[in-house]
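A.B. asks: In the working numbering, the protein residues as written are -11 to 105. For every residue, glycine included, the Cβ atom is placed at its ideal position computed from N, Cα and C. Please read all numbers here as calculations on a predicted model, not as lab measurements. I have a structure here, written as structure tokens, and I will follow up with some questions on it.
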């Protein structure tokens, strides 16, 4: 059964400005695991990565129905398994995640599915 669906779209330029304005923006959004990945990329790819993770976490919060205010950015971790982005959940549910980007925007969609009947 579908519990929730969330979608988020963010402009790369907005993320770039946030990084320039707030020196710790990436550290606020990314978990320590995600920060390790982020630090290995060149600057332009860092913005794409950060925008994708930002959109994924926003989409997850929307699918959860709480909005990001009820969750911490650190509560949501996106990992990549064989190139596929994954959010794991301590609850008995499956989280479907898709992240995409162009030169100017990043978008993510999350579908949360209950595994218990």
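(1) Who are the Cβ neighbours of residue -9 in its own chain at under 7 Å, not counting the five residues just before and after it?
(2) Comparing C-alpha positions only, which one of 63, 43, 92, 4 sits nearest to residue 85?
(3) Which residue from 69, 3, 104 puts its Cα closest to that of residue 89?
(4) Would a C-beta distance cut-off of 9 Å place residue 66 and residue 75 closer than the cut-off?
(5) Can you give the Cα-Cα distance for residue 22 and residue 61, rounded to whole angstroms?
(6) Are the CB atoms of residue 41 and residue 59 within a distance shorter than 9 Å?
(7) Which whole-angstrom value is the C-beta distance of residue 11 and residue 98, which I expect to be below 8 Å?
(8) To the nearest angstrom, how far is the alpha carbon of residue 92 from that of residue 77?
C.D. replies: On the basis of the supplied data:
(1) The residues are 81, 100, 101, 102.
(2) Checking every option, the nearest Cα to that of residue 85 belongs to 43.
(3) Closest in alpha carbon position to residue 89, among 69, 3, 104, is 3.
(4) Yes, the Cβ-Cβ distance between residue 66 and residue 75 is below 9 Å.
(5) CA-to-CA, the gap between residue 22 and residue 61 works out to about 11 Å.
(6) No, the pair does not count as a contact, with Cβ atoms beyond the cut-off.
(7) In fact, because the Cβ distance is near 29 Å, the residues do not count as touching under 8 Å.
(8) The C-alpha of residue 92 lies about 30 Å from the C-alpha of residue 77.
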